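Report on one structure; see the data block that follows.
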Amino acid sequence: MSLFDILFGKKKASKEIRACEAALEKRPDDSVLLKKMGDLYLKANKHEHAADVYVRLGDTYNDRGFYPKAIALYKQAIKINPGWEKPHEKLAELYQVQGFTREAASQYVKLSEILEKTGESDEATAFMQKAAELDPAHRTVNKKAQAFDVREAGMMDPLPKASSQPEVRRTDFYDLHDELDREIEELNIDASAENLVDDTGVESVFKALEENAVEDGKDDPLFLYNMGLAYRETGLLDEAIESFRKVIVTGEKLFDAYIMLGISYREQGMFQESLRSLKEGACLEEASTDMKVGILYEIAQTYKSLGDNQSALKIFREIQKEHRDFKDVELEIVRLAGGG
6 MSLFDILFGK KKASKEIRAC EAALEKRPDD SVLLKKMGDL YLKANKHEHA ADVYVRLGDT
66 YNDRGFYPKA IALYKQAIKI NPGWEKPHEK LAELYQVQGF TREAASQYVK LSEILEKTGE
126 SDEATAFMQK AAELDPAHRT VNKKAQAFDV REAGMMDPLP KASSQPEVRR TDFYDLHDEL
186 DREIEELNID ASAENLVDDT GVESVFKALE ENAVEDGKDD PLFLYNMGLA YRETGLLDEA
246 IESFRKVIVT GEKLFDAYIM LGISYREQGM FQESLRSLKE GACLEEASTD MKVGILYEIA
306 QTYKSLGDNQ SALKIFREIQ KEHRDFKDVE LEIVRLAGGG
């Protein structure tokens, strides 16, 4: 750590944390504030606080019916604080209410093992019993049945009927400005968590979500679009690209899909594909003037990532003529023109 960081870094971080905490007292369910708070805690190595905030953020998405996002956030909390019971229980409940009994059972098993290590044997037994009822064939359940004194009759009982899947609140596709200001904000954890090991199987979770949706509108553009967002937020760019492509094939709400497809291509380093997708989106009849300004900004960002600073600078200047205060255009112009 540099002398500057030693002298000023912690002080600045502490000030930002206090400011964010104060704002959250007034708006406790603000998803943008919660995301920022979690990141600040993580940078300050306050992992338990960070995990708690990510669970809170997951709860807000869960309450709004954005289940893939909630799952991703609960899993991030587990990565940060793997010995904490709460996110495992949240995941188990969310899986169970959606009818993913095997995934729910796995989380109850992990929860039981955590409680066993802390000496809470009664609660550990209760959660192992839940796992046995949901998935009698689970390998760990069978292995530990005697140790936990799990009711053996439960191993032979038929599976209980899965809870009916809650009706997901249908939300319209986001316009570009709202999308870029909120939904586009990645749920990626700060670099300090890069070495944390995720043993919870994100890919298998999304696969289960897709398989469960076969009879309930798997080809619905809203479902596919939200899956694409969730894939992208957890770093699964190939899967995100495939989901956004499928939305485009449906022929509905194309603009949003083209935007996110172009951004995902750029993040994957596929710059020509990114430019093609963004330009196709800009040509759609449904694109308003404001929407086209937003897509021009993304095209400029792709040129910048590609290393074509002149093309990027030209577009940023065109945006500035009509929308001087649009995002960080003025700063981008200064940087690309060699002024900073």
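This note's numbering puts the first residue of the sequence shown at 6, with every later residue one more than the last. From the three backbone atoms N, C-alpha and C, an ideal C-beta is built for every residue, glycine too. Computed from a predicted model, the values in this text were never measured in an experiment.
Euclidean distance between Cα positions of residue i and residue j
{"i": "K80", "j": "P92", "result": "7 Å"}
{"i": "N314", "j": "D333", "result": "16 Å"}
{"i": "P226", "j": "G286", "result": "16 Å"}
{"i": "R340", "j": "R329", "result": "16 Å"}
{"i": "I338", "j": "K51", "result": "37 Å"}
{"i": "T106", "j": "A137", "result": "10 Å"}
{"i": "Q151", "j": "E94", "result": "Residue placement at Q151 is flagged as unreliable, the pLDDT there being 46, under the threshold of 50; a coordinate-derived value is accordingly withheld."}
{"i": "I22", "j": "A82", "result": "19 Å"}
{"i": "Q306", "j": "R281", "result": "13 Å"}
{"i": "S111", "j": "T123", "result": "19 Å"}
{"i": "E98", "j": "N67", "result": "11 Å"}
{"i": "S293", "j": "D261", "result": "12 Å"}
Boundaries (first-last residue) of the alpha helix (DSSP H) holding residue i
{"i": "F331", "result": "Counting along the chain, F331 falls outside any alpha helix (DSSP H), and DSSP gives it neither H nor E."}
{"i": "Q134", "result": "126 to 139"}
{"i": "D243", "result": "242 to 255"}
{"i": "K297", "result": "294 to 311"}
{"i": "G286", "result": "276 to 287"}
{"i": "N231", "result": "226 to 238"}
{"i": "R107", "result": "106 to 122"}
{"i": "P4", "result": "Look at the range of the chain in this structure, 6 to 345, and you will see that residue 4 is not part of it."}
{"i": "A97", "result": "90 to 102"}
{"i": "K41", "result": "36 to 48"}
Integer-rounded CB distance, given that residue j should sit under 8 Å from residue i
{"i": "Y270", "j": "I246", "result": "7 Å"}
{"i": "E303", "j": "G267", "result": "6 Å"}
{"i": "R61", "j": "L96", "result": "Between L96 and R61 the Cβ distance is about 15 Å, and since that is not below 8 Å, they are no contact."}
{"i": "P1", "j": "N231", "result": "This structure leaves residue 1 out entirely; the chain is present only between 6 and 345."}
{"i": "G88", "j": "L78", "result": "Contact doesn't hold; Cβ gap of about 18 Å is too wide."}
{"i": "Y113", "j": "K84", "result": "Y113 to K84, Cβ: 19 Å. No contact."}
As assigned by DSSP and simplified to three states, the class of residue i
{"i": "S316", "result": "helix"}
{"i": "D64", "result": "helix"}
{"i": "D261", "result": "helix"}
{"i": "E272", "result": "helix"}
Residue-chain proximity (residue i, chain C), Cβ-Cβ < 7 Å
{"i": "M275", "result": "Chain labels in this structure do not include chain C; a single protein chain is all it has."}
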